[in-house]
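Below is one structure, written out as structure tokens; comments come after it.
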Amino acid sequence: MPQKFYKKFKKLMEKYLDKIDDSVESFKNAIEYFNSMRTGEARTELAKSMNAEKEADELRRKMIYLLEEADISPELKEDFFHLIKRIEVIADYVKEAASSLTIIPYLEVPIELREGYEKMINKVYKASKKVCEAVRVLLDKRYEVASKLADEIERLEEEADLINVDNRGQLLDISDQIKPYALAILLHEFNNDLEEAADACEDAGDYIRALIVEYKKTPPNLH
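Convert by adding 5 to the 1-based position in the sequence shown; the result is the number in the numbering used here.
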């Protein structure tokens, strides 16, 4: 792989991962602020999350263009395309959840549900952080570290699954207390977006594992 291309791609990827981290962290902060009745700060964090996601999307487009023009093997190019796509899916579900939060009267949501959603986004935040870190060390060819991070991502997703089951049960138990009924539907979709974000983290971790196996057999020319 031409050294000039790799340096440029890696720099863009690092900026992209930083923006993904910023977007998910700001969304997590928004949930925590809402639950602390700090509405103004929560809305500020929501706006920051959405802005970071937009900036991440611009960086993603630049990486895609760079890959399309790069003189590298089709196999390696495809690996990078798929890796970017898996990270993008995490950001997309967080974006959907953040968008829902702008129209949900969150402080009217029963505390049991709000606490469950905060637990869920904390798992998503930790898992997405580890996905971004795993990509960084993968590109540095630190495969053992990347593999351990993939294991941690899987564990966090399993914990998120348990929280998701609890959240669904809570919503079912108190659905008759939630008015209007449309709000219960919005909350179901909101929880589903959080669950999908956690699943996307696991999917990214699984793909990183597959790349590790492939690169150990046939090391890519990354420098």
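From the three backbone atoms N, C-alpha and C, an ideal C-beta is built for every residue, glycine too.
A quick note: this is a predicted structure, and the numbers were derived from the prediction, not measured.
- Contact between L161 and A132 holds: their C-beta atoms lie close to 4 Å from each other, under 8 Å.
- Taking 8 Å as the cut-off, the Cβ atoms of L81 and L17 do not count as close.
- A202 and D211 have their alpha carbons spaced roughly 14 Å apart.
- In the three-state reduction of the DSSP assignment, V114 falls in the coil class, being assigned neither a helical nor a strand state.
- For I36, the three-state secondary structure derived from DSSP is helix.
- Contact between S180 and A187 fails: their C-beta atoms lie close to 12 Å from each other, not under 8 Å.
- Apart from sequence neighbours up to five positions away, the residues of its chain that approach Q182 with a beta-carbon distance below 8 Å are P115, ordered along the chain.
- The stretch 30-37 makes no contact with the stretch 72-79: fewer than 3 CB pairs, one atom from each, lie closer than 8 Å.
- Short of 7 Å from the beta carbon of E163, and not among the five residues preceding or following it, lies no beta carbon of its own chain.
- Here D76 carries a coil assignment [DSSP, helix/strand/coil].
- In the three-state reduction of the DSSP assignment, M42 falls in the coil class, being assigned neither a helical nor a strand state.
- Remark: C-beta atoms of D208 and Y98 do not approach each other more closely than 8 Å.
- Residue state for R48 is assigned as helix, using DSSP reduced to three classes.
- By the Cβ test, the stretch 106-123 is in contact with the stretch 37-49, since at least three Cβ pairs between them sit closer than 8 Å.
- The beta carbon of L51 sits closer than 8 Å to those of S31, F32, A35, A103, L106, T107, all from its chain and outside the five residues before and after it, given in chain order.
- In the three-state scheme derived from DSSP, where H, G and I count as helix and E and B as strand, D204 is classed as helix.
- In the displayed model, I109 falls within coil according to three-state DSSP, outside both helix and strand.
- R147 is the residue among R147, E200, D166, G174 whose C-alpha sits nearest the C-alpha of P224.
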